[in-house]
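Student:
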Amino acid sequence: MSIAGNLETIAQNIRSALTRRSSHIAEQLQPVTIIAVTKNQDVAAMREAIDHGVTVVGENRVQEAMAKYNSLDRTVEWHLIGHLQTNKVRQAVSLFDLIHSVDSERLAREIDRAAAKIGKRQDILLQVNVAGEETKFGVSPREALVLARLVAGFEHVRLCGLMTIAPFFDDAEMTRPVFRELYHIYCELKALNLPGSDIKWLSMGMTNDYTVAVEEGANLVRIGTGIFGPRQYRGGGKQI
């Protein structure tokens, strides 16, 4: 199916998932935004997705985003959804509208310093490793609100919500407890009314599990292969 067709299918699936949300979730969140994950996608595919309604692109790596930024020739929001190393903070702050993957006071402080130098207030999300997977980054659920209170004191950082990456399961239903727990943490965070914050984004769900995430409160979903198809690699390989 074409990129346009894939986007329409995703939009339909999201609309259906929203009808299955409980009312207390639906009343508290922003509309769902699709983040087109463009890792290893070329600029032509990105343009096609944007021309068919995508307003946000998500990149995993700072250098790849920088290589595409000047040649894209489209107006779009740029989100960093991959792990951010401190030595890439300056470049990330200069490019991205929202950084999803802040998981330590040290990283938040580096972002604050870099943003101050260019007169910017950088929007961020805290990445929470809800499932406790050793292979994934993120603060633990019990430490999330502690870090949020620290970050809220930084002048050039604005905390806007939370992000998680669920484990991959063949049965997406298995991800539900992860998404449900992050939604509860999100509600606790919002109730704190931290000064200088704007808690509105809950980033969770990818191609395999985004409908479950939306049912459990996600309003940012990160979808790559669902839009573009399997990623193509040099040498003819592909990732499903």
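Per the UniProt record's numbering: the sequence shown = residues 1 to 240.
Beta carbons: idealized from backbone N, C-alpha and C, even for Gly.
Grouping DSSP H, G and I as helix and E and B as strand, with all else coil, what is V57?
Tutor: Within the sequence shown, the letter at position 57 stands for residue 57. If DSSP states are grouped into helix, strand and coil, V57 belongs with the strands.
Student: Can you give me the Cβ contacts of N219 inside the same chain, cut-off strictly under 6 Å, excluding the 5 residues immediately before and after it?
Tutor: Locating residue 219 in the sequence shown gives position 219, where the first residue counts as 1. The residues are L29, Q30, V32, L202.
Student: I'd like to confirm the pairing. Which residues does DSSP put opposite S203 in its beta bridges?
Tutor: Within the sequence shown, residue 203 is the residue found at index 203, counting from 1. In DSSP, S203 forms a bridge with M163, L220.
Student: For D209, which residues from the same chain have a beta carbon less than 7 Å from its beta carbon, with the 5 sequence-adjacent residues on both sides left out?
Tutor: On the sequence shown, residue 209 is found 209 positions in, with the first residue counted as 1. Same-chain partners within the cutoff: A166, A172, T175.
Student: Counting pairs of Cβ atoms below 8 Å between the stretch 66 to 74 and the stretch 191 to 200, do you hit three or more?
Tutor: Contact between the stretch 66 to 74 and the stretch 191 to 200 is absent, because fewer than three Cβ pairs lie under 8 Å.
Student: Can you give the Cα-Cα distance for N6 and G153, rounded to whole angstroms?
Tutor: Position 6 of the sequence shown holds residue 6. Position 153 of the sequence shown holds residue 153. When rounded, the distance between both Cα atoms is 42 Å.
Student: What did DSSP end up calling L84 once you bin it into helix, strand or coil?
Tutor: For this step, residue 84 is matched to residue 84 along the sequence shown. Here L84 sits in coil by DSSP.
Student: According to DSSP, simplified to helix, strand and coil, what is T135?
Tutor: As a first step, residue 135 is located in the sequence shown; it is residue number 135 there, counting from the start. In the structure shown, T135 sits in coil (DSSP, three-state: anything other than H, G, I, E or B).
Student: Quick one: Cα of I34 to Cα of S16, how far?
Tutor: On the sequence shown, residue 34 is found 34 positions in, with the first residue counted as 1. On the sequence shown, residue 16 is found 16 positions in, with the first residue counted as 1. About 15 Å.
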